[in-house]
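**Q** Numbering (our numbering), first residue to last: 386 to 527. Where is the CB? At the ideal position from N, CA and C, for every residue including glycine.
1. State buried or exposed for residue 439, treating a residue as buried only when at least 16 other CB atoms are found within 10 Å of its CB.
2. Ignore the nearest five residues each way along the sequence and tell me which others in residue 485's own chain have a CB closer than 6 Å to its CB.
3. Grouping DSSP H, G and I as helix and E and B as strand, with all else coil, what is residue 397?
4. I'd like to know whether the C-beta atoms of residue 441 and residue 426 end up nearer to each other than 8 Å.
5. Keeping to the same chain, check which residues put their C-beta closer than 8 Å to that of residue 513; ignore five residues upstream and five downstream.
6. Whose C-beta lies closer than 6 Å to the C-beta of residue 479 among residues of the same chain, with five residues either side of it excluded?
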């Protein structure tokens, strides 16, 4: 069975997702998509120039947030105690505030190993940010 990643147009869908996130998320400074199976940045758009090593680190940090060793251990403990046998992950959305920025990470619903990333000014209305990003992610449902 072919995965969506192998279907024609997957990279076009990713690029469309990233572009829509960049234009539709309020106060958006950057958007991207991370492949959780490889830890690589699939696509990104930003208003600033960033060194490639910073972008690579963002992809790795996203992987650690969602599927780091300790996170997986916690998931395994809860799955065992609840009698769940599944490869699904618990963490679906993560919001991180730094000194000047707000970062929102959301797993794609159909393609769980793709995470959409949006970086906005810290002054962003967080409710609107979640609403717009969830709408775009649902629209693309990779």
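**A** Reading off the structure:
1. exposed
2. 507
3. helix
4. yes
5. 411
6. 450, 490
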